[in-house]
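All remarks here apply to the structure that follows.
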Amino acid sequence: MNKKLQRILLVFVMGAFFANGAFAQGMVKAKGEVYPLAGELTAPRDNNVNKQDYSNWKYPIDALQLVGTLNRYVSFLFEDSTVVWVPDPSSGGTDYFYPWHSVGATFDPTDVNLEVVDDGIRLDRWHSYTIDSVYMPYIYVRYTDSIDLGAGNVEVVDTLIFQFFNYNQLDFGGFTNSQTNQSEVYAKPASWNTTKLANNSSVYEVKIPLTSLDSTAPPTSTGWLSKLRYFPVPDVVIPQDANLQGRRVCGFSITFKTMLPFEYGDTMEARDGSVPAKRLNYFGHTMYLNEGTPLVQDEYYNNSWWVPSEIRYGESLNGWTNNIPGNAYFQNRYLYYAIHVKDATIGVEELNNDVAFAVYPNPVSRTQVLKLDYALRSAQDVEIVLYDLMGNAVKTVASGYQTAGEHLVDLDVSDLPAGVYVYSVRAGNASTSKKITITE
8 MNKKLQRILL VFVMGAFFAN GAFAQGMVKA KGEVYPLAGE LTAPRDNNVN KQDYSNWKYP
68 IDALQLVGTL NRYVSFLFED STVVWVPDPS SGGTDYFYPW HSVGATFDPT DVNLEVVDDG
128 IRLDRWHSYT IDSVYMPYIY VRYTDSIDLG AGNVEVVDTL IFQFFNYNQL DFGGFTNSQT
188 NQSEVYAKPA SWNTTKLANN SSVYEVKIPL TSLDSTAPPT STGWLSKLRY FPVPDVVIPQ
248 DANLQGRRVC GFSITFKTML PFEYGDTMEA RDGSVPAKRL NYFGHTMYLN EGTPLVQDEY
308 YNNSWWVPSE IRYGESLNGW TNNIPGNAYF QNRYLYYAIH VKDATIGVEE LNNDVAFAVY
368 PNPVSRTQVL KLDYALRSAQ DVEIVLYDLM GNAVKTVASG YQTAGEHLVD LDVSDLPAGV
428 YVYSVRAGNA STSKKITITE
């Protein structure tokens, strides 16, 4: 049985994509080889999950690994397909022109698996949130540091082009997975320019100079080593999406361009032990492949996408133009990255126009303090009680007449068994209740 991502209804896309029952695009086989990454890096994790001013890193790969087996590899980028990759002789492969030119990903915060694998906080459709940076491990093999352009040697400065997109700049679509005969969804840049290797529009674009300080070690027999790179984004606000119109999906792209002149047949990398007379620089990234049971993405847009050579030069590939989503490859491909989100109102609810309240963290461990923060515009009677699932009151947080203003209560939960509880809030004539999870 094929594993499927957990579902949350997105009416607008399902009606638009699946009404016709068929899609023009088909599955694609990736070209070239994949190689191992030698060594792990410590990825950034929690920053501020226990406070109302929430911030944290979100890793789509972590969510995807809940529902399918993914294996880690590295892949590379070069702006042109005229350069040659010489494979390791033990692979049995022959030399080939390098086929990958740009890569990117789309981020969908509505994926419930993000909540499960992370901090228990869902970026729900009722709140906007802000993205201030993107993280990814990278490889930058730099064989040539200087070049003579006619007036003596100058330092080689290569370029990395980073673009960030909001939902208006993305194309949402679907295709049929021929392995499972199921419909899948994707998002990718809507106006990709194959000449510039960039989208025609973005909310943010930066050209990053790459020098020797950015370089990583040349590969060894065991693979490539990587470094960490952060791409600051100028506080892009992702709006709320109460009507589930895809407004919370965003994305980014990465393209590498070298300062070095190159010609048809130049060697990009030689894995057979030979040393080419002319050495080039290239950029790489970590990715994950699904090499087993297909991972069907029928709801969420946490897919990556690539620009292969055929599309780089204006052709189509099995119906695809401009770029191809990673889940359309027979071996599903996913770029490894994280997005840093922050939200000053996450977990804050309005009971009515006079009362706002928040409970955090949720889930909370028995060794943590549960914080209840509520603000009253006017003085009134307030009652906040924590119940178990049998309806028994186990903690009374507040009861009685409260003055206007902000009230912060630290609640000790160390004496409560782990499990699911319900906190009930009554203020004036309004009331609500929500679940909270206490863990060991």
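When the letters of the sequence shown are read in order and numbered with my numbering, they come out as residues 8 to 447. Note that CB positions come from ideal geometry on N, CA and C, so glycine has one too.
{"Query": "Three CB pairs or more closer than 8 Å across the segment 30–38 and the segment 168–183", "Result": "yes"}
{"Query": "Residue nearest to residue 391 in terms of C-alpha spacing, selected from 403, 149, 96", "Result": "403"}
{"Query": "Rounded Cβ spacing between residue 174 and residue 253 (contact assumed at less than 8 Å)", "Result": "5 Å"}
{"Query": "Stretch-stretch touch, CB-based, cutoff 8 Å, three pairs: the segment 329–348 with the segment 194–207", "Result": "yes"}
{"Query": "Which of helix, strand or coil DSSP assigns to residue 246", "Result": "coil"}
{"Query": "Burial state of residue 388 (16 or more Cβ within 10 Å)", "Result": "exposed"}
{"Query": "Residue 296 - DSSP class collapsed to helix/strand/coil", "Result": "strand"}
{"Query": "Alpha carbon of residue 294 to alpha carbon of residue 43, nearest angstrom", "Result": "10 Å"}
{"Query": "Candidates 106, 280, 368, of which the one nearest residue 125 by Cα", "Result": "368"}
{"Query": "Short Cβ contact (7 Å threshold) for residue 384 with residue 420", "Result": "no"}
{"Query": "For residue 110 and residue 84, believed in contact at Cβ under 8 Å, the rounded distance", "Result": "6 Å"}
{"Query": "CA-to-CA distance, residue 261 to residue 40, given in whole angstroms", "Result": "20 Å"}
{"Query": "DSSP state of residue 39 mapped onto helix, strand, coil", "Result": "coil"}
{"Query": "Contiguous alpha helix (DSSP H) assignments of at least 4 residues, all confined to the segment 261–340", "Result": "316–319"}
{"Query": "Endpoints, the beta strand (DSSP E) within which residue 213 is located", "Result": "211–217"}
{"Query": "Beta-carbon proximity check, residue 348 vs residue 136, cutoff 7 Å", "Result": "yes"}
{"Query": "Beta strand (DSSP E) segment containing residue 383, residue limits", "Result": "376–383"}
{"Query": "Nonlocal neighbours in the same chain, by C-beta distance under 7 Å from residue 447, ignoring five residues either side", "Result": "372, 373, 425"}
{"Query": "Close beta carbons around residue 116, own chain, < 6 Å, minus the five adjacent residues each side", "Result": "130, 255"}
{"Query": "Reference residue 226, options 370, 81, 405, 362, closest by Cα", "Result": "81"}
{"Query": "Environment of residue 233 [buried if 16+ CB atoms lie within 10 Å]", "Result": "buried"}
{"Query": "DSSP bridge partner residues for residue 239 (one or two, in chain order)", "Result": "140"}
{"Query": "Validate contact between the segment 310–322 and the segment 89–103 using beta carbons, cut 8 Å, 3 pairs", "Result": "no"}
{"Query": "Simplified DSSP assignment, three categories, for residue 176", "Result": "helix"}
{"Query": "According to DSSP, residues forming a beta bridge with residue 32", "Result": "Answer is none; residue 32 lacks a bridge partner."}
{"Query": "Sequence ranges, beta strand (DSSP E) only - wholly within the segment 399–446, length at least 3", "Result": "400–409, 412–419, 426–434, 437–446"}
{"Query": "Own chain residues within Cβ distance below 7 Å of residue 341, not counting five before or after", "Result": "68, 71, 77, 294, 295, 311, 333"}
{"Query": "Residue 382 and residue 363 closer than 7 Å at C-beta", "Result": "yes"}
{"Query": "Extent of the continuous alpha helix (DSSP H) to which residue 71 belongs", "Result": "67–71"}
{"Query": "Length of the line joining the Cα atoms of residue 263 and residue 438", "Result": "55 Å"}
{"Query": "Spatial neighbours of residue 216 in its chain, beta-carbon cut-off 6 Å, leaving aside the 5 residues before and after", "Result": "164"}
{"Query": "The ligand COA heavy atom lying under 6 Å from the CB of residue 163", "Result": "Absence of the ligand COA from the depicted structure is noted, as is the absence of any ligand whatsoever, leaving it without description."}
{"Query": "Residue 121: first and last residue of the uninterrupted alpha helix (DSSP H) it sits in", "Result": "119–124"}
{"Query": "Rounded C-alpha distance that separates residue 300 from residue 399", "Result": "45 Å"}
{"Query": "N-terminal and C-terminal residue of the beta strand (DSSP E) that residue 114 is part of", "Result": "107–114"}
{"Query": "Straight-line Cα distance separating residue 223 from residue 146", "Result": "6 Å"}
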